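Data block below; observations after.
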Amino acid sequence: MVDFNLSNEQQELRNKARAFAQEYMIPYAHYYDKTGKFPRPIIKKCWDEGLMNLSIPKEYGGPGLGTIEQCITVEEMAAGCAGMTTSIYVNSLGAEPILVAGTPEQKEKYLRPLTEDLKFVSFACSEPGMGSDVAGIKTRVKREGDKYVLNGSKFWITNAPQADIFTVFASLDPDKRHKALCAFIVDATTPGVKTGRPVEKMGHRASTTSAVMFKDAKVPVENLLGTEGEGFKIAMKTFAMTRPSIAAFATGLARSAMEYARDYVSKREAFGEKLHNFEAIQFKLAEMFMKIEAARLLYLKAAWTADFVGDSTIPASAAKAFATDIAMEIASEAVQIHGGYGYIDQYPVEKLFRDAKLYQIYEGTSEVQRLILSRYVLSGYEPAMSKIPRWYNDEPPNL
């Protein structure tokens, strides 16, 4: 029997994250969105409250929580401000390759400091010429004695200017694509490592995004994650663990869009009636609610699979594709319901609309998720019908 109830501990965590979002994120979301400043005071408060680095195991000083707890938390926080939540959550993304493939010594050295003080780890995978095509990475690495030497550049790296360490993916030979990929832990102070100027973005403006350049950056051999050639597998395992959280992000944003729309139609009048009395508006809200509920169930299934089954690639891709698409749709409908007011920055749905788009792009686009799912349906899915029966028969049954 499936139990849809959260445990007492999970409910407490959800309530804590919700209270944090309402007290510290929503009141300052507009400020950080307009200024594009990095919300360090909010992030520091989040760290103080124990709402960061949730997946770090207890033996390294963390709370040792699972993907379900991570998702519950980020839904609440993304409902407050998507950009701030991205800046907070990227530590979990950056640390995941270390959790997936790190040695006990690497985990002790690089994960424990994240729990002792506010430090940032960034995930450096995307490049100027590739985004979702991880096998197409061009950043080169070669071994020279007891060092690996990195050359190349990364782009779209969240929190890069603030990062203390990077988890970096580079290739021994780009022509060999995924077979030559390696993953490394790189200290941000390493000579030859440089971050670029933060880029101006449509949304998620409370998160800092920039390029990272490597010029003859020497990384100790002991900072290799796994073995040479395992980088692609590490990246895919990382995404399988983190994509449910992106679906939870999107669900939180969609929920806020619905709630702002619900509040607006209960106050706004047209043709002598409150907007919520019009069936067209009621149906829009009903559609929003159904899709949010479905998105939440999908991300919870993906998170449960990651925590208790193992490979969560397929449910994670399904959850991310669905939740991010409905977030964009619901944010758009919320703007439409607000009319002209939804198009100005004095109402929050304008920001939600801009923020929602990124969810369809990062950590694998919606199209990439559909590619993963279609390949599964065609080659990995086991039909319930062992043999497709003949369905059209003119003869009555002879029983």
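Residue 2 is where the sequence shown starts when you use our numbering, and the numbers rise one by one after that. We put the beta carbon where it would ideally sit given N, CA and C, even for glycine. In this text the structure is predicted, and so the values were computed from the model without any measurement.
CB-CB length for residue i against residue j, believed under 8 Å
i      : j      : result
Lys180 : Gly230 : 6 Å
Met259 : Leu286 : 7 Å
Ala171 : Ala102 : Incorrect: roughly 15 Å between the Cβ atoms, too far for contact.
Tyr300 : Thr239 : Going by Cβ atoms, the distance from Tyr300 to Thr239 rounds to 17 Å, so no, they are not a contact pair.
Length of the line joining the Cα atoms of residue i and residue j
i      : j      : result
Val122 : Lys35  : 25 Å
Met2   : Lys108 : The predicted model places Met2 with a pLDDT of 46, which falls under 50 and marks its position as unreliable; any figure quoted below should be read in that light. Rounded to whole angstroms, Met2 to Lys108 spans 37 Å at the Cα level.
Met291 : Met85  : 27 Å
Trp392 : Leu374 : 27 Å
Val75  : Tyr90  : 8 Å
Arg206 : Asp134 : 25 Å
Gly227 : Thr68  : 22 Å
Phe284 : Lys38  : 39 Å
Pro384 : Lys352 : 43 Å
Glu288 : Met78  : 23 Å
Ser311 : Tyr342 : The sequence given here has Gly at residue 311, not Ser. Using only the alpha carbons, I get a separation of about 46 Å.
Tyr377 : Arg198 : 40 Å
Val194 : Asp165 : 11 Å
Asp346 : Glu201 : 17 Å
Met237 : His31  : 35 Å
Cys47  : Ile138 : 34 Å
Arg141 : Leu151 : 6 Å
Residue i - partner residues in DSSP beta bridges
i      : result
Cys72  : Paired residue(s): none; Cys72 is not in a bridge.
Thr86  : None, per the DSSP bridge assignment.
Val91  : Answer by DSSP bridge pairing: none, since Val91 is not bridged.
Asp188 : Ile166
Ile247 : For Ile247, which the question treats as bridged, DSSP gives no partner whatsoever.
Ala303 : Paired residue(s): none; Ala303 is not in a bridge.
Gln128 : Note on identity: in this sequence residue 128 is Glu, with Gln being the wrong assignment. Partner(s): Met131.
Phe215 : Gly153 and Val194
Val122 : Ile166
Ile158 : Ser211
Three-state class that DSSP yields for residue i in the structure shown
i      : result
Phe323 : helix
Arg19  : helix
Ser133 : coil
Leu276 : helix
Pro384 : coil
Ala102 : helix
Gly172 : The amino acid at residue 172 is misidentified as Gly; the sequence shows Ser. Looking at Ser172 - three-state DSSP - the assignment turns out to be strand.
Glu229 : coil
Ile362 : coil
Cys183 : strand
Asn152 : strand
Thr239 : helix
Thr252 : helix
Asn270 : In the sequence under discussion, the amino acid at residue 270 is Glu, which differs from the Asn named in the question. The answer is strand: DSSP assigns Glu270 an E or B state.
Asp312 : coil
Pro221 : strand
Met2   : Unreliable positioning characterises Met2 in this predicted model, as indicated by a pLDDT of 46, which lies under 50. The coordinate reading is nonetheless provided below. Here Met2 sits in coil by DSSP.
Gly27  : As written in the sequence, residue 27 is Ile, which differs from the Gly given in the question. Here Ile27 sits in helix by DSSP.
Val350 : helix
Arg141 : strand
Any C-beta of chain B under 7 Å from that of residue i
i      : result
Asp395 : This model lacks chain B altogether, as it is built from one protein chain only.
Does the pairing of the stretch 158 to 165 with the stretch 242 to 253 give three or more beta-carbon distances under 8 Å? no
* Does the stretch 282 to 299 come close enough to the stretch 202 to 220 that 3 or more CB-CB pairs lie under 8 Å? -> no
Note to self: Within 8 Å, do at least three Cβ pairs link the stretch 50 to 58 to the stretch 9 to 24?
What the structure shows: yes
Checklist entry - So does the stretch 302 to 312 actually touch the stretch 257 to 269, counting three or more Cβ pairs closer than 8 Å? => result no
**Item:** the stretch 319 to 329 touching the stretch 194 to 211, judged by at least three CB pairs closer than 8 Å
**Value:** no
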